[in-house]
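Chains as they are written, first to last, in my numbering: chain A, 1 to 111; chain B, 112 to 923.
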């Protein structure tokens, strides 16, 4: 089951940008794309742990600030020649508020 | 047996419902129609043509008195319904009359949303909803001023209608581009340009702060940046909200709207709702097509027929003369979604299809919407388009042809478009020269001087050659900026200037970008080119910057940051050092390092602490050292004649003056300076981007040195006698570099391309050009010569914190 929790306003995330959300198991990056969709991904790049929330967002992708790995925000998969992936979490916008699924975030800390 | 039907609200949905019902079962229904407006049904979406003067009110009335009379509808116009007694099945009119019903239809529509800004209740502040509002706008005289808040469909139609009557209109829109719910950024840019050509001022990313008045009447709108927009009328067109008050007081299920099932039935089996007041399956409705569908379903339900309302894809058209745009379906990017984009800059045409698998999911068209209904059909019917995918974007009439020309952007340029800025050569002159026998680059250069100076337009000249000569000309391979375009950096820079492209969306559209919003390679480059060329017009976009420049600190491999305060000319004071030491302790900075540029680097600062450590450093007078920027980094000095027995001039004093002049400026790559007080060169000025060596007779100015991946001694730009001249030459050189170099070329690489003589001609010999360069630099500095740390610490500190902290909740 899902348990949507309100983490803040969509306006708090810059368009084509991201903000971090702290969880017990580390940070989750919450992205807002140019078309106002939101995506939640593990903040740490699998390559060298770069903070993805600080990357440049383009289309539905983000480029890691440390070594330019590009990840799909939809699937968490590395794009191009790089191999690896980050965990993704359900996220949605309702009435201008950003919602994350607490159950899935908790499942992550149990795993 | 006739049944009593009471309808509350005479809008477009209830009007259509009554047509279906009375035509289907004439005589079966005894209908009473209430309407708060003192009139019957009219075509509300045609108010914009009425405003623009294309239609009269009489022409948009859908049901006149005669229509109601011949069908036996009892009209109670200008009367509100005060309440509903569902147990007794009666409604009470405002005058106290109680009317029984068998079936009740709520068609209460929606209310315009009025932003509760200070002053929103002043006279002359209106919404755009009904005929009264329209008449208020039509009453404005030519030359009067109006402000429209809201750059959506309705707001723009109101703006265009008033502008057509000679009113001076300004549209204030909070989002980055117009009609953001229907259009992507590129189409929004084209629309904005078309509206500006209709003399409508359009302000995007603009936040309204308050409405100010005089004698109870609106006088101006004030934005949060202090801009004051005088107006005689202020129209708010920022959205609508379902009018659910009556349903709510009757105890019906209400969410955002009156909740209905597929048969348009509310939580009471004898009460129905239709139109903008309803919520169906979580959705609200503002466009007319679904309202008509609902009206039909409701009429069928009332007649006892099986019917169900199904939400469909919607399309939108803007009713503004001369702005052809269309959007339909879902055009968000997504995994498994692909774009087909067609741009014809000369005709101002933009078409974008969003595909998923073998189906079209969404479409945005601007400038040419002739085939829009065909594409809308493909979306609605989920047609398999795999067979026609290659030619899909050209529409249904496509009859074979060749692939899109990668040189379309240059082909589309008019003959008077400037290709070579240095020598003022237009496309037409180059074509003329080619037709006159100049068959290669060298010949064109010899004949027209095009690309004979700085050379950055070489690629464009070659494209003109290729276009004019066809197969006879072999294009040399050039390196494009990135996968988003076929153009090189030099071509993009040239076209941004000659085509006066002042926004990212303009570049993407006019230069035929292949992606919707670029990538991490082109966006920082375009952001730099735009802010360097149009310092006043273009607003720096932090989201197009690498993290270091977005957060004004250098990211380290563990995700922490380094903080380097500026020490002007490498000079500091005990007070500054104390503040740095205090900050290092307070924020538990693990590493303190002295840099090669005579600065102190605090490494390992947590991102969350940045605004606070900056605020502390600011208190001691320390500002950003820009150690993270593609911009002026440091001016390194020796102490010079003030202390040194060999010093010839005040080298640290000149260094401080240079740094105060140049700091904060953005450049294609980092720029480092040094000033040495004598030829012993303790400040190592001869391997800097700009290096000054002081001598008895004055100052030797060298440029284009390097001490990184390449090591290179500076080349002598000039020798001058005074500090003023030294500063002027350094400034002019900076600006020439800013205006012409490719992003991420250090000055030495750029000078190697254009040649030192070309630089000297502009910076040293041509005094008018030197003056222009210095003035252009100062103009840019009027925006950028300020401390970003102070601004971020003051205004944006919260953006450095996590958006939410869930660790506490999880622990509970």
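Ideal Cβ positions, reconstructed from N, Cα and C, are used throughout, including at glycine.
Per-residue DSSP class, three states only, for residue i
| i | result |
| --- | --- |
| residue 376 of chain B | strand |
| residue 735 of chain B | strand |
| residue 221 of chain B | strand |
| residue 101 of chain A | strand |
| residue 864 of chain B | helix |
| residue 396 of chain B | coil |
| residue 143 of chain B | strand |
| residue 409 of chain B | helix |
| residue 119 of chain B | strand |
| residue 584 of chain B | coil |
Proximity test, Cβ basis, 7 angstroms: residue i and chain A
| i | result |
| --- | --- |
| residue 622 of chain B | no |
| residue 654 of chain B | yes |
| residue 388 of chain B | no |
| residue 440 of chain B | no |
| residue 666 of chain B | yes |
| residue 591 of chain B | no |
| residue 658 of chain B | yes |
| residue 631 of chain B | yes |
| residue 918 of chain B | yes |
| residue 617 of chain B | no |
| residue 858 of chain B | no |
| residue 670 of chain B | yes |
Any chain B beta carbon closer than 7 angstroms to residue i
| i | result |
| --- | --- |
| residue 16 of chain A | yes |
| residue 8 of chain A | yes |
| residue 88 of chain A | no |
| residue 21 of chain A | yes |
| residue 82 of chain A | no |
| residue 85 of chain A | no |
| residue 93 of chain A | no |
| residue 65 of chain A | yes |
For residue j and residue i, the rounded distance between their alpha carbons
| i | j | result |
| --- | --- | --- |
| residue 270 of chain B | residue 41 of chain A | 42 angstroms |
| residue 218 of chain B | residue 3 of chain A | 35 angstroms |
| residue 114 of chain B | residue 120 of chain B | 19 angstroms |
| residue 156 of chain B | residue 609 of chain B | 41 angstroms |
| residue 759 of chain B | residue 766 of chain B | 14 angstroms |
| residue 835 of chain B | residue 841 of chain B | 10 angstroms |
| residue 264 of chain B | residue 476 of chain B | 15 angstroms |
| residue 214 of chain B | residue 131 of chain B | 16 angstroms |
| residue 583 of chain B | residue 648 of chain B | 42 angstroms |
| residue 521 of chain B | residue 916 of chain B | 52 angstroms |
| residue 65 of chain A | residue 606 of chain B | 29 angstroms |
| residue 8 of chain A | residue 51 of chain A | 20 angstroms |
| residue 284 of chain B | residue 262 of chain B | 5 angstroms |
| residue 101 of chain A | residue 645 of chain B | 44 angstroms |
| residue 705 of chain B | residue 858 of chain B | 25 angstroms |
| residue 738 of chain B | residue 402 of chain B | 59 angstroms |
| residue 379 of chain B | residue 358 of chain B | 11 angstroms |
Unbroken beta strand (DSSP E) run spanning residue i, endpoints
| i | result |
| --- | --- |
| residue 795 of chain B | No beta strand (DSSP E) contains residue 795 of chain B, which DSSP labels as neither H nor E. |
| residue 29 of chain A | 26 to 32 |
| residue 653 of chain B | Segment: none, residue 653 of chain B is in no beta strand (DSSP E) and carries neither H nor E. |
| residue 391 of chain B | 389 to 391 |
| residue 347 of chain B | 344 to 347 |
| residue 844 of chain B | Looking at the DSSP string, residue 844 of chain B is not in any beta strand (DSSP E); the run it does join, the alpha helix (DSSP H), is 834 to 851. |
| residue 211 of chain B | 209 to 211 |
Opening and closing residue of the alpha helix (DSSP H) in which residue i lies
| i | result |
| --- | --- |
| residue 296 of chain B | 296 to 308 |
| residue 905 of chain B | 899 to 906 |
| residue 544 of chain B | 538 to 546 |
| residue 881 of chain B | 878 to 895 |
| residue 196 of chain B | Segment 192 to 196 is the beta strand (DSSP E) holding residue 196 of chain B; no alpha helix (DSSP H) there. |
Check whether the stretch 662 to 671 of chain B and the stretch 635 to 643 of chain B are in contact - that is, three or more C-beta pairs closer than 8 angstroms.
No: fewer than three Cβ pairs fall under 8 angstroms.
| query | Just checking, does the stretch 782 to 793 of chain B make contact with the stretch 828 to 835 of chain B on the three C-beta pairs under 8 angstroms criterion? | reply | The answer is no - the stretch 828 to 835 of chain B does not touch the stretch 782 to 793 of chain B, with fewer than three Cβ pairs under 8 angstroms.
Does the stretch 357 to 375 of chain B come into contact with the stretch 385 to 398 of chain B, if we say contact requires no fewer than three beta-carbon pairs (one atom in each stretch) closer than 8 angstroms? Three or more beta-carbon pairs drawn from the stretch 357 to 375 of chain B and the stretch 385 to 398 of chain B are found closer than 8 angstroms, and the two stretches are therefore classed as touching.
Sufficient close CB pairs (3 or more, under 8 angstroms) joining the stretch 93 to 100 of chain A to the stretch 654 to 668 of chain B: no
Spell out a yes or no on whether the stretch 234 to 244 of chain B and the stretch 321 to 328 of chain B are touching, meaning 3 or more CB-CB pairs, one atom from each, closer than 8 angstroms. yes
So, does the stretch 234 to 254 of chain B touch the stretch 160 to 171 of chain B, judging by three or more C-beta pairs under 8 angstroms? yes
Closer than 8 angstroms is the cut-off here; do at least three beta carbon pairs connect the stretch 44 to 57 of chain A with the stretch 72 to 86 of chain A? yes
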